[in-house]
Amino acid sequence: MVLGDVDEIMKDLSPYYKKNPGSAIKYKLVIDTPGGTLEPLYFWLLNFMNITGGKTEKIIDNFASSPGSGHFSELGLKKSQMQEQASRSMQTINTVLRSVLNLIYDLKEFQIRLSHYDAANSSDKHKKEAGILSLKQIWMDKVDMQRGQGAINALSSGNLQFVTLRDAFLKAKDERDIDKIDLNDRVKRILKPRILEFNEWKTRSEMELRKRFEVESTYLKSQVDSLKLQSRWAKPYLIAAEKLTQEEKMASDSALVTAFNTVLLQLTLMKTNPVGVEGSATKNRLEGRALPEEFGKVAKKFRKYFAVTFVDFKFTGIPNKVGQNFVFGGKAEIEFKAYSMNEDELKIFNERLNDSDLYSALNLVQGMTDDSLGQLKLDIEELTGKKEKEKEKQSDNNPFASLFSFGKNKKNKKEEDKEKLEKLKKKIKPDKYAEAYIRNHAIADARGIAFKTYDTFKKSLGMASPPYGHGDPTEDRSPPKSKADELFGF
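Sequential numbering of the sequence shown, starting at 0, is according to numbering that gives the first Met the number 0.
Quick look at the structure:
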């Protein structure tokens, strides 16, 4: 996002600013300091906005430098280093993610196999019989089949015509049970060692399979933690690489001459101050009442409104290298703007800011890690045993939870907020009759904050500061009034 986009976003998202486009008030200050530095100007305003209340945040930070300058070369080198490191981290993330997927599929196969052992050890007669038959089938297909023509399946269907061998093996429980079955001696001699071998295989294979399941389950935990760690390591490099990318629109600016040593900087600070409806509707001995008294009684029914002040910086500088860093001298153009937003508009405005290339780069990592793990969350919790522990912990902490579980919402807060935001994007409701007065009050506050910031900044630089009466001593030096002030006669 570049300077000027703020006005377009406000016009696009707010029903009020569609009818009344543009800032409520605007001040512009141009400071030319080729021999000085631009950093003190920015930090003075940032500190002043921070100490005068409200919330101040930087929403735009763009730059462009001429291709022939040392600043362009140095930042290009740093960007390449960040991109290389980020690329290596992304490759590691891909490798670990594939490992997690393979482990999940392996553990699911182990679960299926272990379910046969659980059934074979069951106290339920029918379930136990089904489990043992399943294990015998697996043993014949995986273990006994390695004997070739001597395998039970081969002997039962081959030229030797041991037709009853397979059925007898499936029926017999142990070597002593074979004597109770009506079989000839040749079949019994083959069957007894096979039954003995199967029972031994059943005991040992179950132990080994459970041990391997535990080992791979522990390894899955470590791989998931490693994936989260790698994504945390990758994010700073992606952020740095994206921040070191020049703004395309600024790169075509006529001030950037290829061979010159020039840099353009664009910065925007946003200050939000909530409007206290209850406080403004209370009569003050010194200031009077800013809103009707009835507003204070129903303040909670209204949406929250904010006085929003934007300070836009456009620096055209000459970078000079001092030690390992650059300092900038040149011209600074600073604009002060006043707006008002309700809570719905502020949410959408912040969402628009997040639709930048920087957040797209972060969403790439999030999509590879957080979203992928989110899809596999149930499997991971089940296979690592976390789900069972959480259930036990919840049941221990709240024995009555099951009585009230019908009232719980299955959606988490993040999903609910996302749905609400999507609904807001479609259409923001216009101001109600009473809310229109609160908005005017917010605009009046924003105008006052913008003027105070502009006026105090000028005084700090030793510049002349005009009075409210535009220099005429006979005029009343009172601050500019909003429509709300004029309407209520305050």
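Heads up, the beta-carbon is just placed ideally off N, CA and C, and yes, glycines get one too. The model shown is predicted, which means the values in this text are computed figures rather than measured ones.
For the 8 Å CB-CB criterion, residue 335 and residue 310 form a contact. Segment contact: the segment 30–48 against the segment 316–334, three or more CB-CB distances shorter than 8 Å; contact assigned.
The residues 208, 211, 212 and 215, in chain order, have a CB closer than 8 Å to that of residue 109 in the same chain once the five nearest residues on each side in sequence are set aside. Here the alpha carbons of residue 225 and residue 377 stand approximately 18 Å from one another.
Per the C-alpha coordinates, the member of 306, 44 and 21 positioned closest to residue 458 is 44.
Of all alpha-carbon atoms in 66, 82 and 21, the one lying nearest the alpha-carbon of residue 260 is that of 66. Looking at 340, 113, 146 and 173, the one whose alpha-carbon comes closest to that of residue 133 is 113.
Pairing residue 78 with residue 243 gives a Cβ-Cβ distance under 8 Å. Counting only runs of 4 or more residues that sit fully inside the segment 91–147, the alpha helix (DSSP H) segments are 124–141, in chain order. In the three-state scheme derived from DSSP, where H, G and I count as helix and E and B as strand, residue 172 is classed as coil.
Proximity of the segment 232–241 to the segment 83–96 meets the contact definition, three or more beta-carbon pairs being nearer than 8 Å.
For the 8 Å CB-CB criterion, residue 177 and residue 164 do not form a contact. Taken through DSSP and simplified to helix, strand or coil, residue 80 comes out as helix.
Between residue 33 and residue 317, the gap from beta carbon to beta carbon is short of 8 Å. The residue from 48, 8 and 9 with its alpha-carbon nearest to that of residue 454 is 48. In this model, residue 92 and residue 125 are separated by some 47 Å (Cα to Cα). Separation of residue 174 and residue 189 (C-alpha to C-alpha, rounded to the nearest whole angstrom) is 11 Å.
Residue 463 sits in coil when the DSSP states are folded into three classes, being neither helix nor strand.
Residue environment: residue 135 is assigned as buried (16 or more neighbouring CB atoms within 10 Å of its CB, all protein chains considered). The three-state reading of DSSP puts residue 37 in coil, since its state is none of H, G, I, E or B.
Counting only runs of 4 or more residues that sit fully inside the segment 316–359, the alpha helix (DSSP H) segments are 342–353, in chain order. Under the three-state reduction of DSSP, residue 428 is assigned to coil, being neither helix nor strand.
Taking the Cα of residue 23 as reference, the smallest distance to any Cα among 307, 379 and 462 is reached at 307.
Residue 59 and residue 322 have their alpha carbons spaced roughly 27 Å apart.
Contact between residue 382 and residue 8 does not hold, since their C-beta atoms are separated by about 46 Å, which reaches or exceeds 8 Å.
Assignment of residue 307 by DSSP, reduced to helix, strand and coil, places it in the strand class.
By the CB criterion at 8 Å, residue 339 and residue 233 fall outside the cutoff. Take the alpha-carbon of residue 156 and the one of residue 121: they are about 33 Å apart.
Per DSSP, the unbroken beta strand (DSSP E) holding residue 56 starts and ends at 54–64.
Contact between residue 29 and residue 330 holds: CB atoms are separated by about 7 Å, below the 8 Å threshold.
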